[in-house]
Amino acid sequence: MRAAIDQVDGKILALLSERGHLAHAVGELKRAEGESRFYHPDREAEILRRIMQENPGPFTDAQVASIYREIISAGLAQEEALQVAYLGPAGTFSQMAAQKHFGRSASFQPTGSIPEIFRMVDGGQAQFGVVPVENSTEGSVNLTLDLLLDYPLQICGEVQLRIVHNLVANIPVEQIRKVYVHYQTRAQCRQWLATHLPHVELVDVPSNGVAAERAVQDPQGAAISTTVAAETYALNILQAGIEDNPENTTRFLVIGKIFTRPTSQDKTSLVVAGINRPGSLHALLSPLADAHVSLTRIESRPARSAVWEYVFYLDLLGHCQDSDLTPVLDALAAQSSFYRCLGSYPKAVF
């Protein structure tokens with residue numbers, strides 16, 4: 001059986017090499033035709049969906065997709081080392097989301113804040129950024145929503161990441177006096193903290209990675225962080241899975257300067273404002289309802305232009321270039337005092 005596995009491994013390696021040569025040949029053709037763009041998230045999404053659909057087992061669809069993501073990432077790295085900015089330092093959920101989407105062969109750049117990610121992508125220091133936009137427990141990340149409106153960037157992908165929070169430290173639980181924690185993480189672990197560490201001081205930090213760093217530096221400190229951060233900073237996991245909701249999931253957006261073509265399984269994100277009159281929100285949404293377009297999310301945020309006026313962030317199924325959706329979006333734009341398409345992009349694959 002071991003000899004048979006060795007033979008299969010040899011075949012896999014030979015096929016990987018063949019695929020790598022083909023990917024390189026595609027890159028050479030693109031250069032010859034003057035195409036400077038090598039990364040196509042729509043094409044990658046189609047490959048992963050096809051692989052999952054054709055998967056005969058015994059590996060799960062998610063496992064197969066994860067393996068192929070790394071194969072695609074390694075092939076792309078031969079042509080273009082993608083620069084991807086994320087909320088750092090190392091060990092954050094943002095890093096995990098970035099690696100899930102781009103594979104580990106991309107070049108990842110940690111940043112100190114979400115606004116810095118937008119500045120880097122807008123300024124060309126990074127080709128793409130990965131930013132959190134909503135959590136299934138705590139709702140939207142308002143800073144990200146505001147920055148999507150402030151910068152002329154496109155949403156070109158999304159990532160859904162199951163969030164598992166862990167209490168990590170190098171001291172026993174009874175010696176903990178401070179817990180370093182990101183504010184959204186704290187909210188997602190509110191009940192557990194109230195039950196198990198009711199008298200411990202909670203100290204806000206910019207990210208789960210920073211929380212782990214602070215715990216290392218504080219002899220009486222602990223952190224709520226990721227398993228990756230615990231490994232990175234040599235911290236012990238005192239209690240795993242302390243989030244209050246066992247299905248806790250965060251959705252991340254991939255931002256860049258590219259447009260994606262339709263894949264038949266897409267989302268479109270918009271920001272709109274209604275004319276200030278009775279029934280304006282109904283008028284905005286009516287074109288979607290009349291065309292039976294599925295609206296997956298709606299969020300209001302204060303408008304910067306006037307007090308007590310609002311803009312609405314909408315996510316809906318479909319691509320802005322779909323023949324049946326284009327006239328619907330035109331009708332919605334006609335009902336709006338402000339309209340902007342933030343991007344059409346493939347739905348999260350796995």
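Residue 185 in the numbering used here sits at position 185 of the sequence shown, with consecutive numbering throughout. Note that the Cβ used here is the ideal one computed from N, Cα and C, for glycine as well. Remember, it's a predicted structure, so these values are computed and weren't measured experimentally.
For residue i, which residues from the same chain have a beta carbon less than 7 Å from its beta carbon, with the 5 sequence-adjacent residues on both sides left out?
i      : result
Ile114 : Leu87, Val131, Leu143, Thr144, Leu147
Thr260 : Pro41, Asp42, Cys156, Ser344, Tyr345, Pro346
Tyr352 : This structure cannot settle anything about residue 352, because the visible part of the chain is limited to 1 through 350.
Cys320 : Thr268, Thr326, Leu329, Cys341, Ser344
If I measure Cβ to Cβ from residue i and keep anything under 6 Å in the same chain, skipping five residues before and after, which residues do I get?
i      : result
Gly57  : none
Ser107 : Ala81, Gln83
Leu325 : Gly318
Gln191 : Asp244
Helix, strand or coil, according to DSSP, for residue i in the structure here?
i      : result
Leu317 : strand
Ser36  : coil
Ile117 : helix
Ser264 : coil
Ala229 : helix
Glu44  : helix
Thr137 : coil
Ile51  : helix
Ala273 : strand
Val173 : helix
Quick check on residue i: buried or exposed, where buried means 16 or more other Cβ atoms within 10 Å of its Cβ?
i      : result
Leu48  : buried
Glu134 : buried
Glu33  : exposed
Met96  : buried
Ser294 : exposed
Glu201 : exposed
Ile72  : buried
Phe59  : exposed
Asn276 : exposed
Counting along the chain, where does the beta strand (DSSP E) carrying residue i start and finish?
i      : result
Ala223 : 221-225
Gly75  : Taken as a continuous stretch (DSSP letters only), Gly75 belongs to no beta strand (DSSP E), being part of the alpha helix (DSSP H) at 61-77.
Glu201 : 201-204
Pro337 : According to the sequence shown, residue 337 is Ser rather than Pro. That run of the beta strand (DSSP E) goes 336-346.
Pro58  : From DSSP, Pro58 is part of no beta strand (DSSP E); its letter is neither H nor E.
Gln127 : Here Gln127 belongs to no beta strand (DSSP E), and DSSP marks it neither H nor E.
Gln109 : 107-111
Val160 : One detail in the question is off: residue 160 reads as Gln in this sequence, not Val. Taken as a continuous stretch (DSSP letters only), the beta strand (DSSP E) holding Gln160 covers 154-162.
What first and last residue would you give for the alpha helix (DSSP H) that runs through residue i?
i      : result
Glu18  : 2-32
Phe299 : According to the sequence provided, residue 299 is Glu. The question's Phe does not apply to it. That residue, Glu299, is in no alpha helix (DSSP H); its beta strand (DSSP E) goes 295-302.
Gly209 : 208-217
Leu143 : 142-150
Asp290 : 280-290
Thr185 : 183-188
Ala98  : 93-102
Would you mind giving the Cβ-Cβ distance between residue i and residue j, rounded to the nearest angstrom? I have them listed as a contact below 8 Å.
i      : j      : result
Asp266 : Cys189 : Not really, about 34 Å apart at Cβ, beyond 8 Å.
Ala230 : Ile237 : 5 Å
Val164 : Ala222 : Between Ala222 and Val164 the Cβ distance is about 16 Å, and since that is not below 8 Å, they are no contact.
Met52  : Asp42  : Rounded, the Cβ-Cβ distance is 16 Å, inconsistent with contact.
Ser336 : Val272 : 5 Å
Leu288 : Leu316 : 7 Å
Apart from the five residues just before and just after residue i, which ones in its own chain have a Cβ nearer than 8 Å to its Cβ?
i     : result
Ser94 : Tyr86, Leu87, Gly88, Val130, Val131, Pro132, Ser207, Phe252
Glu70 : Gly103, Arg104, Ser105
Closest Cβ-Cβ distance between residue i and chain D: below 8 Å?
i     : result
Ser66 : Protein chain content of the structure displayed is limited to a single chain, and chain D is not contained in it.
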